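No gaps in the numbering here: position 90 of the sequence shown is 90 in UniProt numbering, and each next residue is one more.
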Amino acid sequence: MQTVADVFQWMDTTCSNQIKPGLERMDWMLAQLGNPQHRSKFIHIAGTNGKGSTAKMIASVLEEAKYAVGLFVSPAIVNWNERIQVNQTPISESSFVYWANHLRPYIEEMKNLALGTVSQFEFWTLIALVYFAYEACPGFVVWETGLGGRLDATNVVHPLISVITHIGWDHQLYLGESISEIASEKAGIIKAGVPVVCGSHHTEALAVVQKKSKQKKSNLYVIDQAYNINVTKESGDGQMFDFHSVYRSLPDLFIPLVGKHQLDNAGTALMTLEILRLQYATIIDDVDIKNGLTKSVWPARLEKIATRPIVLLDGAHNLTGFQALSQTIAELYHYNRLYLVIAMMADKDVEHILTPMKPLIDFVIATEVTGMERSLSSTGLADRMSSLIHKDQISIVNQPVKALQEAMNRADENDLILCTGSLYFVSEIRQHLKRYSTA
Numbered sequence: 001m002q003t004v005a006d007v008f009q010w011m012d013t014t015c016s017n018q019i020k021p022g023l024e025r026m027d028w029m030l031a032q033l034g035n036p037q038h039r040s041k042f043i044h045i046a047g048t049n050g051k052g053s054t055a056k057m058i059a060s061v062l063e064e065a066k067y068a069v070g071l072f073v074s075p076a077i078v079n080w081n082e083r084i085q086v087n088q089t090p091i092s093e094s095s096f097v098y099w100a101n102h103l104r105p106y107i108e109e110m111k112n113l114a115l116g117t118v119s120q121f122e123f124w125t126l127i128a129l130v131y132f133a134y135e136a137c138p139g140f141v142v143w144e145t146g147l148g149g150r151l152d153a154t155n156v157v158h159p160l161i162s163v164i165t166h167i168g169w170d171h172q173l174y175l176g177e178s179i180s181e182i183a184s185e186k187a188g189i190i191k192a193g194v195p196v197v198c199g200s201h202h203t204e205a206l207a208v209v210q211k212k213s214k215q216k217k218s219n220l221y222v223i224d225q226a227y228n229i230n231v232t233k234e235s236g237d238g239q240m241f242d243f244h245s246v247y248r249s250l251p252d253l254f255i256p257l258v259g260k261h262q263l264d265n266a267g268t269a270l271m272t273l274e275i276l277r278l279q280y281a282t283i284i285d286d287v288d289i290k291n292g293l294t295k296s297v298w299p300a301r302l303e304k305i306a307t308r309p310i311v312l313l314d315g316a317h318n319l320t321g322f323q324a325l326s327q328t329i330a331e332l333y334h335y336n337r338l339y340l341v342i343a344m345m346a347d348k349d350v351e352h353i354l355t356p357m358k359p360l361i362d363f364v365i366a367t368e369v370t371g372m373e374r375s376l377s378s379t380g381l382a383d384r385m386s387s388l389i390h391k392d393q394i395s396i397v398n399q400p401v402k403a404l405q406e407a408m409n410r411a412d413e414n415d416l417i418l419c420t421g422s423l424y425f426v427s428e429i430r431q432h433l434k435r436y437s438t439a
């Protein structure tokens with residue numbers, strides 16, 4: 001394979017695009033590769049919502065403190081290679097192709113074993129591990145799970161800190177039909193003696209995390225107990241706040257992210273950084289924290305693309321995400337009509353998870369993610385949404401860009417257009433949306 005296109009073509013024909021929980025394939029591959037997971041210092045992050053934003057804030061502060069910081073997140077929003085990056089520089093095309101060729105013979109050998117072939121997410125995880133271990137060699141790696149935790153491909157590392165963000169309903173088919181079961185999967189990243197930071201307010205979920213931490217003899221730092229956030233000023237551009245923890249307080253901090261949920265994420269990131277500073281002799285000055293947080297821009301998290309009309313991008317795709325989204329829009333934005341441009345995955349309980357949005361929606365343009373089998377069809381999405389809004393207020397447009405264009409044509413300058421429902425969908429249309437930017 002000589003080009004990125006070659007790798008993607010090979011990956012599409014060789015690696016499964018299905019979700020494949022389990023660590024057996026990862027363990028076998030890593031043994032062939034010299035166990036690269038032992039060569040980096042990881043901060044491992046799981047959770048239903050907030051993983052990406054929390055990861056970005058941790059990485060941004062560490063980078064401001066002059067550390068080389070690896071970041072592994074998914075899915076990509078702007079560029080295909082941003083899933084694997086060091087100090088905001090994505091893995092190069094040449095490095096990606098090199099390490100893909102390095103992995104290829106082992107993957108093809110394993111295909112003939114009882115283990116079967118790796119999934120595409122496992123492939124990306126393996127690329128990240130060998131790239132960080134043998135080429136980039138960052139001082140820290142901020143390491144986001146893909147789905148769940150216990151059986152997720154990322155759960156092959158022994159981290160410095162295990163971080164669990166908000167826990168709620170999502171991916172019940174794989175993670176369980178109760179909050180306790182879902183929390184148990186997330187808590188599967190907790191390792192013996194490794195500190196745990198938990199940013200979930202859910203009592204049932206927290207009980208599971210507390211039990212698991214006790215079993216593993218891991219010190220647990222819980223939001224509203226070991227740390228908390230007090231907001232002092234908020235606007236559509238970000239939030240000022242004070243951070244308080246069992247160790248110290250930090251006043252007058254700012255994040256360029258909106259919504260109470262982002263304050264929780266900031267607190268969880270800061271508690272993680274405090275543990276790095278005090279328990280792992282990591283040199284982080286107060287000015288590094290202040291500047292790092294200020295630079296924590298993260299796409300598709302209530303990202304404003306245009307102002308007249310307001311056009312917002314948000315990756316909400318589950319009940320918790322839409323609860324936070326609806327609350328933040330109601331509190332921060334003023335508009336006449338809200339046009340919802342939306343695509344969702346077929347496994348989502350559309351009627352249930354979109355209930356928080358019902359009072360805000362004036363018109364819906366239902367669309368779908370191009371070329372993705374998991375995507376709910378635009379017609380199917382419209383049918384499911386008919387219980388939330390009259391069918392006369394729903395338009396069906398198969399192509400995302402054309403769906404956006406219809407919203408732009410319908411809206412006047414005092415309206416709000418919200419594109420949401422799937423990070424894959426948001427990624428697909430983001431570059432097109434940028435053309436309308438007047439911000």
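Note that beta-carbon positions come from the ideal geometry of N, C-alpha and C, so glycine has one too.
No experiment lies behind these values; they were computed from the predicted model shown.
By DSSP, does proline 105 sit in helix, in strand, or in coil?
Mapped onto the sequence shown, residue 105 falls at position 105. Here proline 105 sits in helix by DSSP.
Applying the criterion that 16 or more other CB atoms from any shown protein chain within 10 Å of the CB defines a buried residue, is residue 444 buried or exposed?
In the structure as shown, the chain begins at 1 and stops at 439. Residue 444 is therefore absent and cannot be evaluated.
Buried or exposed for leucine 278, going by 16 or more other Cβ atoms inside 10 Å?
By 1-based counting over the sequence shown, the position of residue 278 is 278. It is exposed - the Cβ of leucine 278 has fewer than 16 other Cβ atoms within 10 Å.
DSSP-derived helix/strand/coil call for lysine 233:
Taking the first residue of the sequence shown as 1, we reach residue 233 at position 233. Strand.
Here's a check: name, in chain order, each residue in its chain whose Cβ is nearer than 8 Å to the Cβ of tyrosine 106, leaving out the five neighbours to either side.
Here residue 106 refers to the residue found at position 106 of the sequence shown. Non-local beta-carbon contacts of tyrosine 106 in its own chain, meaning distances under 8 Å to residues more than five positions away in sequence, involve Met29, Gln32, Leu33 in chain order.
Is the region 3–22 in contact with the region 97–105, if contact means three or more CB pairs nearer than 8 Å?
Taking 8 Å as the limit for Cβ pairs, the verdict is that the region 97–105 does touch the region 3–22.
For valine 287 and glycine 47, I'd like the C-alpha separation in whole angstroms.
In the sequence shown, residue 287 corresponds to position 287, counting from 1. In the sequence shown, residue 47 corresponds to position 47, counting from 1. When the Cα atoms are used, valine 287 and glycine 47 turn out to be separated by approximately 28 Å.
So, methionine 26 versus glutamate 122, is the Cβ gap smaller than 8 Å?
Looking up residue 26 in the sequence shown gives position 26. Looking up residue 122 in the sequence shown gives position 122. In this structure, glutamate 122 lies closer than 8 Å to methionine 26 by Cβ.
Which runs of the alpha helix (DSSP H) fall wholly inside the UniProt domain "Mur ligase central" (140–271) and span at least 4 residues, in chain order?
When DSSP assignments are scanned along the UniProt domain "Mur ligase central" (140–271), the uninterrupted stretches of alpha helix (DSSP H) that are 4 or more residues long and fall wholly within it turn out to be 172–175, 179–186, 203–215.
Between the region 265–279 and the region 396–406, can you find at least three pairs of beta-carbon atoms closer than 8 Å?
The region 396–406 makes no contact with the region 265–279: fewer than 3 CB pairs, one atom from each, lie closer than 8 Å.
Whole-angstrom distance between threonine 379 and arginine 301, CA atom to CA atom
What you label residue 301 is simply residue 301 of the sequence shown in a count that begins at 1. What you label residue 379 is simply residue 379 of the sequence shown in a count that begins at 1. Between arginine 301 and threonine 379, the C-alpha separation is close to 26 Å.
Please state the DSSP three-state secondary structure of tyrosine 339.
The count along the sequence shown starts at 1 and reaches residue 339 at position 339. Secondary structure at tyrosine 339: strand, using DSSP grouped into helix, strand and coil.
Just checking my contact of isoleucine 361 with valine 397 at CB under 8 Å: how many whole Å lie between their CB atoms?
Indexing the sequence shown from 1 puts residue 361 at position 361. Indexing the sequence shown from 1 puts residue 397 at position 397. Actually they are not in contact, since the Cβ atoms of isoleucine 361 and valine 397 sit about 16 Å apart, beyond 8 Å.
Out of His244, Leu376, Glu93, state which residue places its alpha-carbon closest to the alpha-carbon of asparagine 79.
Your numbering for residue 79 matches position 79 in the sequence shown. Proximity to asparagine 79 across His244, Leu376, Glu93 peaks at Glu93, based on C-alpha coordinates.
Residue from Gln85, Arg39, Phe72, Thr154 with nearest C-alpha to glycine 22
Stepping through the sequence shown from its first residue, residue 22 is reached at position 22. Checked all of Gln85, Arg39, Phe72, Thr154; the closest Cα to glycine 22 is Thr154.
To the nearest angstrom, how far is it from the Cα of methionine 11 to the Cα of glutamine 120?
If you number the sequence shown from 1, residue 11 lands on position 11. If you number the sequence shown from 1, residue 120 lands on position 120. Approximately 7 Å between the Cα atoms of the pair.
Taking tyrosine 424 as the reference, which of Ile310, Pro299, Arg410, Phe363 has the closest Cα?
As a first step, residue 424 is located in the sequence shown; it is residue number 424 there, counting from the start. Nearest Cα to tyrosine 424 within the set Ile310, Pro299, Arg410, Phe363: Pro299.
For glutamine 85, name the three-state secondary structure that DSSP assigns.
Residue 85 sits at position 85 when you count from the first residue of the sequence shown. Glutamine 85 sits in a strand when the DSSP states are folded into three classes.
Around the Cβ of isoleucine 189, are there at least 16 other Cβ atoms within 10 angstroms (buried) or fewer (exposed)?
Position 189 of the sequence shown, counted from the start, is the residue given in the question as residue 189. Buried.
How is residue 491 classed by DSSP in three states: helix, strand or coil?
Outside the shown range of the chain (1 to 439) lies residue 491, about which nothing can therefore be said.
Excluding the 5 residues preceding and the 5 following glycine 376 in the sequence, name in chain order all residues of the same chain whose CB lies nearer than 8 Å to its CB.
Numbered from its first residue, the sequence shown carries residue 376 at position 376. Just to set this straight, residue 376 is leucine in the shown sequence, not glycine. Contacts found: Ala343, Met344, Met345, Ala346, Lys348, Val350, Glu368, Arg384.
Between the alpha carbons of valine 157 and proline 359, how many angstroms are there, rounded?
Looking up residue 157 in the sequence shown gives position 157. Looking up residue 359 in the sequence shown gives position 359. Looking at the backbone, the Cα of valine 157 and that of proline 359 are separated by about 44 Å.
Is the beta carbon of serine 178 closer than 8 Å to that of valine 194?
Stepping through the sequence shown from its first residue, residue 194 is reached at position 194. Stepping through the sequence shown from its first residue, residue 178 is reached at position 178. No, the pair does not count as a contact, with Cβ atoms beyond the cut-off.
Limits of the beta strand (DSSP E) - the one that histidine 44 falls within:
On the sequence shown, residue 44 is found 44 positions in, with the first residue counted as 1. In the DSSP assignment, histidine 44 falls within the beta strand (DSSP E) that extends over 42–46.
Secondary structure of leucine 276, DSSP reduced to three states:
Counting from 1 along the sequence shown, the entry for residue 276 is found at position 276. DSSP places leucine 276 in helix when its eight states are reduced to three.
Contacts around tyrosine 280, its chain only, beta-carbon distance under 7 Å, and the 5 residues preceding and following it disregarded:
On the sequence shown, residue 280 is found 280 positions in, with the first residue counted as 1. Within the same chain, tyrosine 280 has close Cβ partners Leu160.
Which of the three DSSP states, helix, strand or coil, is assigned to alanine 366?
Along the sequence shown, one-based indexing puts residue 366 at 366. If DSSP states are grouped into helix, strand and coil, alanine 366 belongs with the strands.
Touch check for the region 320–339 and the region 256–265: three-plus C-beta pairs under 8 Å?
Output reads yes: the region 256–265 touches the region 320–339.
Is it true that the region 55–65 meets the region 125–132, where meeting means three or more beta-carbon pairs spaced less than 8 Å apart?
No, the region 55–65 is not in contact with the region 125–132.
Please return the same chain residues whose Cβ sits closer than 6 Å to the Cβ of lysine 41, not counting the five positions on each side in sequence.
Looking up residue 41 in the sequence shown gives position 41. The answer, listed in chain order, is Phe140, Leu160.
Can you give the Cα-Cα distance for aspartate 237 and valine 426, rounded to whole angstroms?
For this step, residue 237 is matched to residue 237 along the sequence shown. For this step, residue 426 is matched to residue 426 along the sequence shown. Roughly 20 Å between the two C-alpha positions.
Just how far apart, CA to CA, sit glutamate 413 and histidine 334?
Start at 1 with the first residue of the sequence shown, and residue 413 comes out as number 413. Start at 1 with the first residue of the sequence shown, and residue 334 comes out as number 334. Here the C-alpha atom of glutamate 413 lies approximately 12 Å from the C-alpha atom of histidine 334.
Just to confirm before moving on: does the CB-CB distance between isoleucine 229 and valine 196 stay below 8 Å?
For this step, residue 229 is matched to residue 229 along the sequence shown. For this step, residue 196 is matched to residue 196 along the sequence shown. Result no, Cβ atoms of isoleucine 229 and valine 196 do not sit closer than 8 Å.
Name the two residues that bound the continuous alpha helix (DSSP H) containing methionine 351.
Position 351 of the sequence shown, counting from 1, holds the residue named residue 351. The sequence shown places glutamate at residue 351, rather than the methionine named in the question. Unbroken alpha helix (DSSP H) run through glutamate 351: 350–353.
So cysteine 419 and leucine 313 are in contact, right, with Cβ under 8 Å, and what is the actual spacing, rounded?
Stepping through the sequence shown from its first residue, residue 419 is reached at position 419. Stepping through the sequence shown from its first residue, residue 313 is reached at position 313. About 5 Å; that satisfies the 8 Å criterion.
With a CB to CB cut of under 6 Å and the five nearest residues on each side skipped, what residues in its chain are close to cysteine 137?
As a working mapping, residue 137 is identified with position 137 in the sequence shown. Nothing meets the Cβ criterion.
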